[in-house]
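Working notes, structure below.
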Amino acid sequence: MELLNLQPVESYKTFLKENIRPDGRELMETRQTVLNVGSISTADGSALVKLGETMVICGVKAELTIPSAEDPGKGIVVPNMEMSALCSSHFKPGPPSEQAQVITKFLDNLLKSCTVIDTADLCVMKDKLVWVLYCDLICLNYDGNALDASVLALIAALQNVKIPEVTVDDESGLPHTNMEVKKAFATRGMPCATTFTVFDGSHIIADPTLKEEDITEGNITVVTDEHDNLIYVQRQGGLAMPEAEMQKCVKRAVEHGSEMRKLYLAVAS
Amino acid sequence: MMPINLLLKLYKLFHGITIMPRTPAFSKLEHEFLLKAISTGVRLDQRDMLEYRKIGISFGIDYGCCTVEIGETKVMAQVAAEMDRPRESRPSEGRLNVHVEMSTIAFPSFDPTKPGELGVGIQRMLERSIILSRAVDLEALCVRVGEKSWTIHLHVHVLSHDGNLIDCASIAAITALKHFRYPDVSVIGQDIVIHTMEEKHPIPLTVHHMPLYVSLAFFKGCERLAIDPTYLEEKVMDGKIILSINKHKELCSLQMNGQMNITKEQILRCTEIAAVRAKTLTELILNAIKTDTDDKKLGKTKSQTVLEKSKDNKEILKSELTVNSQTSEEIQIANMSINEDAVTDDAIKNGHNNKTEKPYWLTQHDRQTCSIGDGKVNAWSGDGAESSLGIFKALRADTQPEEKSEDENEDSEEEVVILDDSALET
Amino acid sequence: MDLNSSLPLGNLQCEQKVLKNTDGSAMYTAGETNVLVGVYGPADCKESKQDVKQAVVEVNFRPKIGIPGVAEKYMEKFVCKICESVILRSFHPRTAFSVIVQVMQDQGSLLSCAINAVSMALQDAGISMRCMPVAVTVALQKKEKEDNEMKDDSKKFVISPSTKDEEESVAIATFVFDSAQYDSISAYACGPMTSDEYRECLRLAKEASKHIVRFFRDSVSRKVSTDIR
Numbered sequence: 001m002e003l004l005n006l007q008p009v010e011s012y013k014t015f016l017k018e019n020i021r022p023d024g025r026e027l028m029e030t031r032q033t034v035l036n037v038g039s040i041s042t043a044d045g046s047a048l049v050k051l052g053e054t055m056v057i058c059g060v061k062a063e064l065t066i067p068s069a070e071d072p073g074k075g076i077v078v079p080n081m082e083m084s085a086l087c088s089s090h091f092k093p094g095p096p097s098e099q100a101q102v103i104t105k106f107l108d109n110l111l112k113s114c115t116v117i118d119t120a121d122l123c124v125m126k127d128k129l130v131w132v133l134y135c136d137l138i139c140l141n142y143d144g145n146a147l148d149a150s151v152l153a154l155i156a157a158l159q160n161v162k163i164p165e166v167t168v169d170d171e172s173g174l175p176h177t178n179m180e181v182k183k184a185f186a187t188r189g190m191p192c193a194t195t196f197t198v199f200d201g202s203h204i205i206a207d208p209t210l211k212e213e214d215i216t217e218g219n220i221t222v223v224t225d226e227h228d229n230l231i232y233v234q235r236q237g238g239l240a241m242p243e244a245e246m247q248k249c250v251k252r253a254v255e256h257g258s259e260m261r262k263l264y265l266a267v268a269s
Numbered sequence: 001m002m003p004i005n006l007l008l009k010l011y012k013l014f015h016g017i018t019i020m021p022r023t024p025a026f027s028k029l030e031h032e033f034l035l036k037a038i039s040t041g042v043r044l045d046q047r048d049m050l051e052y053r054k055i056g057i058s059f060g061i062d063y064g065c066c067t068v069e070i071g072e073t074k075v076m077a078q079v080a081a082e083m084d085r086p087r088e089s090r091p092s093e094g095r096l097n098v099h100v101e102m103s104t105i106a107f108p109s110f111d112p113t114k115p116g117e118l119g120v121g122i123q124r125m126l127e128r129s130i131i132l133s134r135a136v137d138l139e140a141l142c143v144r145v146g147e148k149s150w151t152i153h154l155h156v157h158v159l160s161h162d163g164n165l166i167d168c169a170s171i172a173a174i175t176a177l178k179h180f181r182y183p184d185v186s187v188i189g190q191d192i193v194i195h196t197m198e199e200k201h202p203i204p205l206t207v208h209h210m211p212l213y214v215s216l217a218f219f220k221g222c223e224r225l226a227i228d229p230t231y232l233e234e235k236v237m238d239g240k241i242i243l244s245i246n247k248h249k250e251l252c253s254l255q256m257n258g259q260m261n262i263t264k265e266q267i268l269r270c271t272e273i274a275a276v277r278a279k280t281l282t283e284l285i286l287n288a289i290k291t292d293t294d295d296k297k298l299g300k301t302k303s304q305t306v307l308e309k310s311k312d313n314k315e316i317l318k319s320e321l322t323v324n325s326q327t328s329e330e331i332q333i334a335n336m337s338i339n340e341d342a343v344t345d346d347a348i349k350n351g352h353n354n355k356t357e358k359p360y361w362l363t364q365h366d367r368q369t370c371s372i373g374d375g376k377v378n379a380w381s382g383d384g385a386e387s388s389l390g391i392f393k394a395l396r397a398d399t400q401p402e403e404k405s406e407d408e409n410e411d412s413e414e415e416v417v418i419l420d421d422s423a424l425e426t
Numbered sequence: 001m002d003l004n005s006s007l008p009l010g011n012l013q014c015e016q017k018v019l020k021n022t023d024g025s026a027m028y029t030a031g032e033t034n035v036l037v038g039v040y041g042p043a044d045c046k047e048s049k050q051d052v053k054q055a056v057v058e059v060n061f062r063p064k065i066g067i068p069g070v071a072e073k074y075m076e077k078f079v080c081k082i083c084e085s086v087i088l089r090s091f092h093p094r095t096a097f098s099v100i101v102q103v104m105q106d107q108g109s110l111l112s113c114a115i116n117a118v119s120m121a122l123q124d125a126g127i128s129m130r131c132m133p134v135a136v137t138v139a140l141q142k143k144e145k146e147d148n149e150m151k152d153d154s155k156k157f158v159i160s161p162s163t164k165d166e167e168e169s170v171a172i173a174t175f176v177f178d179s180a181q182y183d184s185i186s187a188y189a190c191g192p193m194t195s196d197e198y199r200e201c202l203r204l205a206k207e208a209s210k211h212i213v214r215f216f217r218d219s220v221s222r223k224v225s226t227d228i229r
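Residue numbers (full-length UniProt numbering), protein chains in the order written: chain A, 1 to 269; chain B, 1 to 426; chain C, 1 to 229.
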């Protein structure tokens with residue numbers, strides 16, 4: 001273990017020769033994933049995800065608002081990721097770190113492209129009243145691969161959302177919220193992200209820890225949906241890699257995705 | 001223990017030699033050489049003292065997007081319109097906002113996160129020349145009083161800095177405003193419908209006049225004057241006069257930077273030069289916009305209009321100056337031998353000068369726009385006083401609808417006061 | 001299926017050495033999208049950011065209207081990772097490369113245009129690289145969604161799509177290849193597609209990237225020949 005801290009790259013190589021990682025996983029194996037929904041009782045929907053030591057919590061707050069002039073019949077979903085100094089010494093207090101901003105944009109792109117939530121469902125009265133869902137994600141402990149954990153937390157939290165019924169009074173035109181009757185709305189997909197990194201330009205490892213992220217270059221994230229379609233592929237940096245390797249990742253992501261979807265279904269029932 | 005620190009420092013020192021600093025170095029030798037050349041009337045790029053560099057204006061596909069190049073200086077301006085609420089103090093007017101962006105792309109030492117002193121300066125100057133001189137009709141932008149109006153955003157991106165940023169920025173800004181179209185709006189009962197570009201022809205902004213900045217740099221104790229200074233020339237100059245003037249020879253703003261001791265005759269001459277320059281530039285801009293609309297009709301996506309750096313440019317300047325000037329003395333502007341009347345610190349002599357030249361003052365004053373007196377106050381009293389004066393002026397312009405004649409009257413009043421003062425003294 | 005593969009890249013234009021103060025710069029036009037890039041480096045670096053082993057890369061992405069936001073940060077990170085992988089950074093320890101990307105006109109395929117512009121600017125600055133990154137954007141359009149029977153007939157791939165094409169498409173993918181082996185360096189695909197469709201996009205992009213590399217070469221040789229004259 002001492003050696004792993006002093007000479008991370010060298011000692012890591014010796015592990016990889018044996019096709020095993022320091023924490024006992026195989027190269028393509030992911031860490032234990034724990035999903036808990038409804039953890040925050042004050043939020044309209046919430047989920048807590050523990051991926052190994054990485055922990056991300058997501059709370060969804062629903063509010064009524066006037067829609068934008070461009071899309072009068074559509075609600076709004078606003079994801080926001082926070083990685084404060086609390087979760088790791090990698091981050092400093094102050095404005096959101098670059099990594100947090102990149103994850104925020106990733107989640108935003110994901111929600112827009114895969115229609116987990118049809119924003120038309122969030123409309124109460126066209127041009128007058130729509131729901132806006134503020135999805136706040138906070139990383140509580142960071143040990144690598146915050147992206148997968150945050151996707152899992154966000155989707156589970158959105159599935160968990162229950163919003164009160166709103167009736168609009170015909171005469172006065174004023175909305176009335178009935179807190180007694182709450183209903184969940186239909187989420188239309190269960191995207192699941194799987195992240196890989198490349199060590200030394202040759203070994204692909206799934207679900208990297210923080211230590212592994214530090215010594216590897218380039219990461220690949222593949223998001224799949226329940227039809228095993230690719231929804232989002234992101235590959236950042238690293239050395240040039242032949243296509244066959246990429247296909248290996250895609251294959252593994254599809255497998256992993258179907259396993260993870262069992263989690264969603266288990267907590268939903 | 002100690003040597004480690006020392007070693008580190010040495011290591012950095014050696015590495016520091018190979019690493020390029022963020023700001024380019026400028027040697028004293030270079031400085032002196034430049035000044036020496038200028039004192040003999042020679043500039044590094046073989047220009048004449050009163051010659052502009054090559055100017056190019058090109059447009060993008062979008063309305064209100066234009067890039068202006070003066071030599072190596074390059075500025076892009078983009079205008080955008082947004083439906084907004086009018087200001088409470090001015091319910092029947094739209095708004096015009098100026099944003100100046102200075103990224104590292106233009107100059108290594110520029111900070112991308114904040115505009116810096118230079119950027120703020122340019123922003124203020126553009127605001128002063130375009131908004132306070134009421135170049136754009138803001139009332140036309142109001143859709144419904146107190147509720148809906150257009151807000152126009154003028155984004156000025158500085159792309160490359162090789163001196164004379166303000167001239168370049170002002171040309172880009174005015175051209176972009178002139179080129180811009182905003183979507184048509186119809187008001188049906190309570191609803192406001194914004195038509196897309198395909199549904200209805202978009203509307204151009206009403207630009208009353210085109211104030212353009214012209215900078216003139218002074219060198220060698222204000223004995224030498226050069227128009228359109230480059231970055232290096234700006235480094236060695238004493239200071240510069242920056243005038244905003246339109247083709248009707250109406251002065252919209254005057255600013256002096258640096259350490260200069262110049263006479264009012266010199267300022268007047270600068271105004272003359274700037275007026276001629278503004279006229280040529282206005283023609284160029286209108287020409288460029290016309291070429292662009294013609295090209296767009298033909299289906300071309302890009303157009304560029306270039307005013308070459310050429311001798312005849314200077315000829316125009318000379319001839320126009322001779323036509324405009326009343327005394328033969330004025331012709332010398334072109335030659336710029338200011339040394340004869342460059343009265344520096346002799347106050348009494350200065351007074352004499354005023355006295356002898358008084359008739360010239362008065363006549364000049366009648367023919368010209370009269371903000372010289374105003375400008376003088378501006379330049380001496382620093383930034384704060386200036387802006388308050390500008391607001392004061394704008395407020396007054398507000399109360400009386402006719403701007404042009406009003407401006408002249410108002411300014412001439414101020415002028416008279418100053419002249420009276422000098423008369424009393426003498 | 002590959003209806004547009006006959007050379008659908010639109011007009012490509014590239015001008016290098018456009019800015020005076022930068023070490024390298026390029027104005028790259030693909031179709032109607034236009035990006036200006038300036039590069040400084042290897043230059044002095046803040047002590048807090050220094051890396052003793054290799055140079056660091058800073059990317060600054062500047063939109064045309066408004067202030068940079070989260071979307072720009074995402075682009076910055078993407079471009080930064082590409083630069084980090086192609087530049088031979090260990091040659092210049094304790095220094096910084098700074099890349100500024102200014103959007104001049106966005107009419108679709110912005111990301112790929114920006115990456116190509118960065119590539120040309122790095123080349124202009126004479127920075128030693130493993131290879132030049134080449135980017136291509138492919139959009140997948142489907143007329144009828146979720147109709148498995150009709151899928152094959154109604155889908156269409158558009159290479160370097162315009163803004164209008166992008167709005168009509170279900171998925172957009174940008175691939176970055178190296179100019180030597182045409183292996184992929186980076187990828188960004190957003191929107192639902194099967195892995196077969198993904199592979200098809202990749203294949204088309206790879207074809208198109210060869211044209212672009214040829215264009216790079218032409219452009220540089222033309223520039224070099226004028227330089228000699």
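Using N, Cα and C, we set each Cβ at its ideal position, and we do this for glycine too.
Since this is a predicted model, take the numbers as computed values, not measurements.
What does residue i pair with, by DSSP beta-bridge criteria?
i        : result
C/Thr29  : C/Gln13, C/Asn34
A/Leu133 : A/Ala62, A/Val77
A/Gly45  : A/Val60
C/Gln102 : C/Leu36, C/Arg62
B/Leu225 : B/Phe218
Express the C-alpha separation of residue j and residue i in angstroms, rounding to a whole number.
i                      : j        : result
residue 342 of chain A : A/Gly52  : Because chain A in this structure spans residues 1 to 269, residue 342 of chain A falls outside the shown range and cannot be described.
B/Leu251               : C/Ser179 : 57 Å
B/Val136               : A/Gly257 : 58 Å
B/Met260               : B/Leu35  : 16 Å
A/Ser46                : C/Gln123 : 49 Å
A/Glu18                : C/Ser85  : 28 Å
A/Met81                : B/Ser129 : 44 Å
C/Lys17                : B/Phe218 : 31 Å
B/Met269               : B/Val68  : Looking at the sequence provided, one finds Arg at residue 269 of chain B rather than Met. About 27 Å.
B/Ile289               : B/Thr282 : 11 Å
A/Asp214               : B/Glu117 : 40 Å
A/Ile206               : A/Cys249 : The sequence as given places Ala at residue 206 of chain A; Ile does not occur at that position. Taking the straight line joining both Cα atoms gives about 9 Å.
C/Lys53                : A/Gly237 : 18 Å
B/Ile55                : B/His208 : 24 Å
Would you grab the beta carbon distance between residue i and residue j for me? Rounded to a whole angstrom, and I think it's under 8 Å.
i        : j        : result
B/Pro112 : C/Asn60  : 5 Å
A/Thr209 : A/Thr197 : With 8 Å as the limit, A/Thr209 and A/Thr197 do not qualify as a contact, their Cβ atoms being about 10 Å apart.
B/Leu159 : B/Ile122 : Not quite, the Cβ-Cβ distance comes to about 13 Å (not below 8 Å), so this is no contact.
A/Val102 : C/Lys73  : 6 Å
*Taking one C-beta from the stretch 230 to 241 of chain A and one from the stretch 186 to 198 of chain A each time, how about it: are there three or more such pairs within less than 8 Å?*
yes
*Mind pulling the alpha helix (DSSP H) runs of 4 or more residues that sit fully within the stretch 153 to 215 of chain B?*
165 to 179
_With three or more beta-carbon pairs closer than 8 Å as the criterion, would you say the stretch 204 to 213 of chain C touches the stretch 167 to 177 of chain C?_
yes
*Does the stretch 28 to 46 of chain B touch the stretch 232 to 251 of chain B, meaning 3 or more C-beta pairs lie closer than 8 Å?*
yes
*Cβ contact (3+ pairs, closer than 8 Å) linking the stretch 199 to 214 of chain B and the stretch 160 to 180 of chain B*: yes
*Which runs of the beta strand (DSSP E), 3 residues or longer, sit entirely within the stretch 24 to 93 of chain C?*
24 to 30, 33 to 43, 56 to 62
_Closer than 8 Å is the cut-off here; do at least three beta carbon pairs connect the stretch 194 to 201 of chain C with the stretch 126 to 134 of chain C?_
no
*Can we say the stretch 57 to 68 of chain B touches the stretch 177 to 192 of chain B, given the rule of at least three CB pairs closer than 8 Å?*
yes
*Which ranges does the alpha helix (DSSP H) cover as unbroken runs of at least 4 residues, wholly within the stretch 236 to 304 of chain B, from first to last along the chain?*
264 to 298
*Contact between the stretch 89 to 99 of chain C and the stretch 41 to 48 of chain C: three or more CB pairs below 8 Å?*
yes
*For the stretch 103 to 118 of chain C against the stretch 29 to 39 of chain C, are there 3 or more C-beta pairs whose distance is under 8 Å?*
yes
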